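*Asks:* Numbering (the working numbering), first residue to last: 34 to 98.
Glycine included, each C-beta is placed from N, C-alpha and C at the ideal position.
All figures in this text were calculated on a predicted structure; none of them were measured in a lab.
Submitted below is the structure of interest, expressed as structure tokens.
Laid out in structure tokens, this is it:
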């Protein structure tokens with residue numbers, strides 16, 4: 034399982050996934066299942082685009098290619 038955490042707006046989640054996808058390509062691994070988003074600290078209501086304290090763990094199952 035490859036993972037990273039992202040703190041801040043949910044709009045930035047794509048940056049975390051992009052970094053994971055880059056690592057997978059650079060290290061000769063392949064995606065081995067659906068990705069997951071685990072919300073460790075939810076954004077405040079009505080602040081999904083701006084809460085700097087939201088904390089999300091991004092996971093991608095991987096295996097050697």
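#1: Out of 36, 34, 40, 35, which one is the CA nearest neighbour of residue 76?
#2: Tell me the residue span of the beta strand (DSSP E) that contains residue 88.
#3: Are there 16 or more other CB atoms within 10 angstroms of the CB of residue 51, so buried, or fewer, so exposed?
#4: Should residue 98 go down as buried or exposed, given a rule of 16 or more other Cβ atoms within 10 Å for buried?
#5: Does residue 71 pass the burial test, meaning 16 or more other C-beta atoms within 10 Å, or should it be called exposed?
*Replies:* Concretely, from the data shown:
#1: 40
#2: 88-93
#3: exposed
#4: exposed
#5: exposed
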